[in-house]
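Line by line, the protein sequences give chains A and B.
The first sequence finishes on residue 632 if you use our numbering, and the numbering steps up by one all the way, no holes.
The second sequence finishes on residue 1152 if you use our numbering, and the numbering steps up by one all the way, no holes.
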Amino acid sequence: MRSNARRGEPAIWLAGSGLGICLLMIGGMIGLILINGLGFFWPGELVQITLKDGTVLLGEVTGREQIPQPGTPQHLERSRIQMKLGNRDLTGTDFRWIDEDAIVSRQLPGDALYVERREYGPFIGRPLRLSEGEREVASGSAAVIAALDPVIERAERDRAAIRGLERDQLGAVNYRMEQARLEQRRLDLRAQRGDAGSAATGSAEIERQTAVLKEEYARLEQQLVALAAEGSRTQLTLQAADGTEKQLSTIDIFRLYPANQLSMLDRARVYGSRLWEFLSGDPRESNTEGGIFPAIFGTVMMVMLMTILAVPFGVLAALYLREYARQGFFVRAVRIAVNNLAGVPSIVFGVFGLGFFVYIVGGAIDRTFYPESLPTPTFGTGGILWASLTLGLLTVPVVIVAAEEALAAVPRSMREASLAAGATTFQTIMRVVLPAAAPGILTGVILAMARGAGEVAPLMITGVVKLAPDLPLDGFFPFVHLERKFMHLGFHIYDVGFQSPNVEAAKPMVYATSVLLLLIVVALNLTAIVVRNRLRRRYQTSAF
Amino acid sequence: MAAASKRIGRLRRIDRAAVLVITLGGIGVVVAVLGILAFVVGETIPLFRAAALTPRASTTVQTALTQADAEALRAIGLDEYRKYLFTIERDGVVAFHRVETGERATVMPIPGLGSAVVTSSSRTVTGHHLAAGLSDGRAALMQVRSIPQYEGQALKDVSIEVLDNGSVQVDQANRPLTQVSYVEQEGQRFVAALVADDEIAYWWSSAEGGEQRAALKVQSSHRITHVRIGRNGALLAGTSAGAVYHWSLETTPELTDVSPVSAAPITALEWMLGGNSWLAAGEDGTISGWLRASIDDDRQAMVRAHTFERQAAPVTAVALSGRERSFATAGRDGAIVLRHQTSERVLAALPPAGLASAVMISPKSDELLTLEGGVLRRYALHNPHPEISWTTLFGKPWYEGYPGPAYVWQSTGATDDVEPKFSLVPLVFGTLKGTLYAMLFATPLAVAAALYTSQFVDPLLRAKIKPTVEIMAALPSVVIGFLAGLYLAAVVERNLVAVLLMVPLLPLIGTSGVGLWRVLPKTWTGRLKAGTEIALIVPLLILAGWIAVTIGPGVESWLFGGDARIWLKDHWDLTYDQRNCLVVGIAMGFAVIPIIFTISEDAFSSVPSSLTAASLALGASRWQTAVHVVLPTASPGIFSAVMIGFGRAVGETMIVLMATGNTPVMDWSIFNGIRTLSANIAVEIPEAPNGGTLYRTLFLAAAILFVMTFIINTIAEIIRQRLRQRYKAI
């Protein structure tokens, strides 16, 4: 043992502990996120508990901890459980901590329903009856549960119809009305400059169009009202644990399941359906429920735009620095500077993006091309274009550094062979150097994309918002709306986790979003690592 | 042959074009990227520019006011749109003069004047409350309102009205009011007037509408020169002896302070915007700012908070801006100096000219006007960032409501007349504090892990460990921040003692593995690859964590009486914020570990193997080799790794935004929150109007961050390149 100590073996173990702690932290963090994020979709059992004072509660058990009572002998001796009770409209809170001492009995009632609805979070209770207009379709919990499936399916169809009407048809009318208003304003501006003749004829035409549109709008609105009325005829009456009755229109019900009657397969099905909604749906209830599709879309589109903007310029700069510039003090200084830019805080780039792109460039574009919508800014406010450009600037140094390294790794002999065969420098670069360096450049690009996807701070001030009703890509000319604000996974995490009024209810959503963001970023990084390793191997063989 | 040479010519042209495009493009990209710094710095430059006063046309106004009336008849003002100048004239009218031409547009008689004569007048800077002191001891109270009239988008004219606020009997002995001051605040009215050389008559209405009066006297040998009412009925009187008396209005006025402002008589006295501090000038040219501050727990006293640059001649008039804390002082020689209260800065000056009987700053603070006899001179005032100076950014100004000079960041207050506080010091401090704790956490872990991985782990295993740690670098900081803020902060708060216990326990128990290892049969351990120890270390660490959490509560009751947070408060006076530097240190440390790890690992592994081989061959153990050969050789690399990690932590935004309370406090306690430069930018820039002071100050914060990280990274990079050269040489 003593000789062991003299030889420094314990110190080696101490250093090993450092590595161990790092690995544990990574594993712990990823595990924590995965468990919380993916567990969120799993339908749990609904437990009915009776307390000593006679209160009956029904809900999912979401946590258990020892009760801290510092300074007393009972400190951490007793436990309490956290229950998700839902029914926010009735009780005002979703969650409640219950001392285990106070619990008299626990049961798993078979007819307990978990209902996901449009507002106030989930409802947890027992079904009493199902009625359509005045007519009662089913009563008694078993009969109601049996009759529910087709009703819920119809509600989904109704909702789809309403959404189609709202988004596609009404949206189109709205869009055309806005265009007409802007056209009118444009004509007014022209009239102010003295071109009154054409303005007058134009105005009459626009007025006629607007009238037609208004009529169309009224007609669609009527249809919408009719659809909604038809949908809300079917009513489901539920009873909460404390006996309060609550009537829900089935059209407001998104999903419901008798939590304690589900087989493993049923549970998996609910899990899948929730996961799918999360990935493909729109957010509800100020982002704490529903899906995050717009955020996924925004993130992907922003990263693509950023890549398109950053990669060509990055490669160009790398080519210049490595292949064309005379190597010397200047190039070395530039190289260090570029290298360091990759380490400049992202918020600084954000500030630059806001000051330069949004206010100066965007403001100039607005004054030149969109005077009719002023003072409402079009490009003179944050938008996906400015956010992508800002991130592009942020990632250009990463691309330059990676591309330079890749270019430097191309063996000199290959260049010399090409030049000796009579190729020009440009031919050599295009046909020999770039193809050989492509995997390396690609690694850099992927790493840049991963960094871009994970950045939030610069986006917060250049165009990301908590809720953007319109995607930057849609069916209206010119289809790509680069001036629009957009949603982003990273910002979604920040916003829902820290700005939402009901953090406890929103937490699972944040974890789930984190899982997704993590998956994207880690997948990109793993790809980069794989590409890099392949590349190394290739050069190792080509060295012979 | 011809075709071939044509083709070669074309290739040459393409080649030359490519040279041009790539060179221009490459230089362009590099310049553009470097241009960011230039832009960010450029945006801050206007902050430090002086204000500009440019003369505009002057006109002659028909007014009977002369220099002799300067102190008594002070009601001279301008409407928001700079269309009309109004004066209260001795003959009992409010006269409106067109600013452009000087002609009298309207004359409105003072309501309820009767047979009395106007002996004094006053005007408030905001709200245009006018008072006319009368010869029979009454004061007529009025308010001027201006309503703009638009034609299309353009301002056509301003219609003016004078509201009658009634007249009050200030002096019951019916003496003429030789000076008057009138303030209205939340429905309460206060009127004070000078009725004798050493006596002030004070009249005020309570919130319920009742009227009250008091007679206030100064030392009989002193002559009162100025009477001014501030916030909540606080009253100031300047005297010929250079003292300023201050009464606060409780149920009756109480004399609280007699401040020795100057050795010479007071020549100007004015409450600052908001009425919480005041400014006095003496016959000797001194100008000082005063406010009531807590000198100890329950006592307040009037203190000299600001000393302004002396003016060449005694100050006879002061004009306040109604928007911010700039003011102009007019000297007896006719010189006018524009200054700022908080920064004590001289913003602009006008050379001596004719002796002004009145100076005023237009309500929108875009024009300075002087009235000199009947001549109205106008100066365009461009004063976009008066509150910024070296002192307000990095020094310790004395703000209203503070017991002493302090470093404070508080860009917006509850009301408009709260002093904005733009000290970057708490933010720089917060940045460095957060970074320091993060580095304390990350450096030992990362360097130890790197040393272990590079020296004591089999290359095959290493090829798996490295990417794992590198993945850690890719974790988006928003995810780390969210976990730190919503999960870790709560866990640490609940298990504070356990977390602190882990600091010694984890390494201790991890290291104890060396004993266990020896117990294992040599036939097993001998066959395993180097680095397999980690498989034993990790469970040991988990065990250590479990022990810490288990014995934590016991230790807490034993050492800290059950609750460490209360104990900290009682014994060390440390408050415990849930989102504190301990949490930030761990979270941000977590974010920089992979950077430090990767770079140090590279530095360790590229130490030439000839060195280690030589050391081992001479009989040194692997640890001795690692510490005495590898570590010193690679130390510049470690240094640069730590620097780069530092640079990353300095600029980290999302983690600190989410894991700290964003409170700009300044102390070293690990249990307090912080606000960093970067988080501050993220929080405040969306609300900062383009081109405003806050906007530019945040750009300055960004520039500081940029320069800080750029310098740190450059040093690190240069060291790293040197090290590479050295390795090449070995």
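Virtual Cβ for every residue (Gly too), placed ideally from N, Cα, C.
- With respect to A:L577, A:A383 sits close: the two C-beta atoms are nearer than 8 Å.
- The count of Cβ pairs closer than 8 Å, one atom from the segment 268–276 of chain A and one from the segment 446–463 of chain A, reaches three, so the stretches are in contact.
- Taking C-beta separations shorter than 8 Å and ignoring five residues to either side along the sequence, the partners of B:G549 in its chain run Q565 and E606, following chain order.
- Under the three-pair Cβ rule at 8 Å, the segment 531–539 of chain A counts as touching the segment 478–495 of chain A.
- Under a criterion of Cβ atoms nearer than 8 Å, the residues of chain A adjacent to B:Q1046 are, in order, R95 and G96.
- Scanning the segment 467–507 of chain B for uninterrupted beta strand (DSSP E) segments of 3 residues or longer gives 474–477 and 498–500, listed from N- to C-terminal end.
- At a cut-off of 8 Å between beta-carbon atoms, B:M1076 makes contact with chain A.
- Selection B:L500, B:F816 and B:R767 evaluated against B:W831 yields B:F816 as nearest (Cα-Cα).
- Sequence-distant Cβ neighbours of B:W1090 in its own chain, meaning closer than 6 Å and more than five residues away, do not exist here.
- If you check each beta-carbon in the segment 472–487 of chain A against every beta-carbon of chain B, the ones closer than 9 Å belong to L481, V484 and P485.
- Residue nearest to B:S537 within the set B:T528, B:L552 and B:S557 is B:S557 (criterion: CA-CA distance).
- For B:T890, the chain A residues whose C-beta falls within less than 8 Å of its own C-beta are L111 and I114, listed in chain order.
- In this structure B:G1073 is in contact with B:S1100, their Cβ atoms being roughly 6 Å apart against a cut-off of 8 Å.
- Counting along the chain, B:R545 sits inside the beta strand (DSSP E) bounded by residues V540 to R545.
- Excluding its 5 nearest sequence neighbours in each direction, B:A554 has C-beta neighbours in its own chain below 6 Å: I510, I532, V540, S543 and A562, listed in chain order.
- In the DSSP annotation of this structure, the continuous segment of the beta strand (DSSP E) that includes B:I622 starts and ends at E621 to S627.
- Segment contact: the segment 652–669 of chain B against the segment 680–689 of chain B, three or more CB-CB distances shorter than 8 Å; contact assigned.
- Take A:V598, set aside five residues on each side of it, and the residues of its chain with a beta-carbon closer than 7 Å to its own are I581, V584 and G585, in chain order.
- F461, V462 and E465: these are the residues of the segment 460–493 of chain B whose beta carbon lies less than 7 Å from some beta carbon of chain A, given in chain order.
- Nearest to B:A1125 by alpha-carbon distance, out of A:E592, A:G151 and A:V432, is A:V432.
- DSSP places B:S1057 inside the alpha helix (DSSP H), whose first and last residues are L1053 to G1073.
- Taking the Cα of B:V452 as reference, the smallest distance to any Cα among A:R420, A:T615 and A:D558 is reached at A:R420.
- Put simply, the CB of B:R916 is near chain A, with a gap under 8 Å to one of its CB atoms.
- Put simply, the CB of A:Q323 is far from chain B, with every gap to its CB atoms at 8 Å or more.
- Non-local C-beta neighbours of B:T1075 in its own chain, meaning closer than 7 Å and more than five positions away in sequence, comprise S1100, A1101 and A1104, ordered along the chain.
- Going by C-alpha positions, A:S320 is about 59 Å away from A:V403.
- A contact between stretches requires three or more CB pairs, one per stretch, nearer than 8 Å, and the segment 931–944 of chain B fails this requirement with the segment 989–1006 of chain B.
- The criterion of a C-beta distance shorter than 8 Å is satisfied by B:S710 and B:A702.
- Take the alpha-carbon of B:A595 and the one of B:A623: they are about 10 Å apart.
- Contacts between A:L407 and chain B, judged by CB atoms closer than 8 Å, involve I444 and G448 in chain order.
- Contact between B:V584 and B:K505 fails: their C-beta atoms lie close to 15 Å from each other, not under 8 Å.
- Taking 8 Å as the CB threshold, B:M1088 stays off the interface with chain A.
- The alpha helix (DSSP H) runs lying completely inside the segment 882–943 of chain B and spanning 4 residues or more are 899–904, 911–916, 918–933 and 935–941, given in chain order.
- Secondary structure at A:D182: coil, using DSSP grouped into helix, strand and coil.
- With respect to the C-alpha of A:A230, the residue from A:G450, A:Y345, A:T513 and A:F385 having the closest C-alpha is A:Y345.
- In this structure, the CA atom of B:L908 is about 9 Å from the CA atom of B:R1001.
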